[in-house]
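In the numbering used here, the protein residues as written are 1306 to 1575.
Even for Gly, the Cβ is constructed at its ideal location relative to N, Cα and C.
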Amino acid sequence: MYHINISTIVGSSIPVEEQIPLIRQAGFDGFFTLHTGTEPLDVWARLAEKTGLDFETIHGPFQYANRMWEPGKDGDDYLDVLKASVLACRQIQVDKFILHTTVGNQAPEISREGLSRFGRLCDYAKSLGVHICFENIEPLPHLKAVMDFVTDPFHGFCWDIGHNICYTPHIDLMERYGCRLMCLHIHDNRGVTRPGNIDYRDDLHLLPFDGVLDWDWFAEKLKEYHYKGPVTLEVSNQSLPEYRAMSAEDYLAAAYERGCRIREKLCQIQ
């Protein structure tokens, strides 16, 4: 049976320490959260163990992701930031670290120095037993360059289906990387609403079934590539007025119900 996991609520003002027991109360099996370098991951990990939740993954920082491609000290310093996050994963026994290769619609050109940094990061992570899961984001060629460069099957792909339909609906990412799929980010949106002007405004992080995504197609794709991991939502209670009007308990209950519906689709496919 597929576990159903969720991110700590994107954009919520409720402290993570309060969210974790609410996530468990709603029925979820696990969760993941962002790490920028200051979060008390050890505290959250102990609380997760106490409440019976699996701490599935850590999402790495991404605000300055483009620095990995830049020459000089800024890029080297950012590599050190990512290494520190990987070490934090190891210290709390989380074995998957999700990473963006760029941020925004514009980034520095693909560079040998950038690829070398990603390679060194992956070597370091493997030495600690942590898988790097590269996530699809805006329509830039950098993800493909990194995935082509980092061929070690120890590392892999995080399929963000929400990003896929609002940033790159023309690209069959599972055809490219389905054989390296390690984890999911699941959320809905309204697709590309401004053709020719693709940007973050379409990345709504709606609950599944509240947007335009074809969930039967999504389930078929996962089955095609024999995915057996968690059904992991990454959703925001700030995306719609009706979400904002809900208590955290009601919102998480609604999110869990949507996760169950996706799991049912997966289980129905022979």
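Buried or exposed, going by whether 16 or more other CB atoms sit within 10 Å of the CB of residue i?
i     : result
N1502 : exposed
D1276 : Here the chain has residues from 1306 to 1575 only, and residue 1276 is not among them.
V1348 : exposed
K1533 : exposed
A1430 : buried
E1247 : This structure cannot settle anything about residue 1247, because the visible part of the chain is limited to 1306 through 1575.
L1392 : exposed
G1564 : buried
M1306 : exposed
K1526 : buried
P1513 : buried
I1319 : exposed
G1357 : exposed
T1456 : exposed
T1406 : buried
K1335 : According to the sequence shown, residue 1335 is Gly rather than Lys. Buried is the call here.
A1524 : buried
D1379 : exposed
D1493 : buried
Nearest to residue i by alpha carbon, out of the options?
i     : options                    : result
E1361 : P1345, R1329, F1402, N1371 : F1402
E1354 : A1412, M1479, R1329        : R1329
S1421 : A1450, L1445, N1410        : A1450
N1310 : D1347, M1373, R1506, A1558 : A1558
T1313 : Q1368, L1327, T1338, D1521 : T1338
E1443 : Y1482, R1506, C1427, A1430 : R1506
V1387 : L1426, Q1368, D1457, I1319 : Residue identity differs from the one stated: residue 1387 is Leu in this sequence, not Val. Considering only alpha carbons, the answer is L1426.
H1436 : R1417, L1448, D1453, F1462 : F1462
D1508 : H1447, E1569, L1384, L1545 : L1545
S1432 : F1459, M1452, A1350        : F1459
G1316 : R1566, Q1543, M1479, V1517 : Q1543
Y1383 : R1395, H1468, F1423        : F1423
A1350 : H1468, H1308, Q1398        : Q1398
In whole angstroms, what is the alpha-carbon distance linking residue i and residue j?
i     : j     : result
K1528 : E1547 : 33 Å
I1466 : P1500 : 18 Å
W1522 : D1400 : 29 Å
L1404 : G1483 : 17 Å
A1263 : D1519 : In this structure the chain extends from 1306 to 1575, so residue 1263 is not present and cannot be described.
Q1573 : F1439 : 29 Å
E1344 : D1359 : 18 Å
T1341 : G1434 : 20 Å
E1554 : L1445 : 38 Å
D1428 : L1571 : 34 Å
S1552 : I1491 : 21 Å
Y1530 : M1487 : 11 Å
A1560 : E1418 : 41 Å
A1510 : H1364 : According to the sequence provided, residue 1510 is His. The question's Ala does not apply to it. About 16 Å.
G1332 : R1481 : 33 Å
P1381 : Y1369 : For the sequence presented, residue 1381 should be read as Asp rather than Pro. If I take the Cα positions, the gap works out to 12 Å.
D1504 : F1367 : 16 Å
L1327 : S1416 : 44 Å
I1567 : H1308 : 11 Å
G1496 : R1395 : 36 Å
> Counting pairs of beta carbons, one from the segment 1533 to 1546 and one from the segment 1470 to 1478, are three or more of them closer than 8 Å?
Replying inline: no
> Okay, do the segment 1366 to 1386 and the segment 1409 to 1418 touch, 3+ Cβ pairs below 8 Å being the bar?
Replying inline: Cβ pair count under 8 Å is three or more, so yes.
> Which runs of the alpha helix (DSSP H) fall wholly inside the segment 1385 to 1441 and span at least 4 residues, in chain order?
Replying inline: 1417 to 1432
> What residue ranges within the segment 1474 to 1536 form continuous alpha helix (DSSP H) runs of no fewer than 4 residues, ordered along the chain?
Replying inline: 1478 to 1482, 1520 to 1529
> Unbroken alpha helix (DSSP H) runs of length 4 or more, entirely within the segment 1535 to 1566: which are they?
Replying inline: 1546 to 1549
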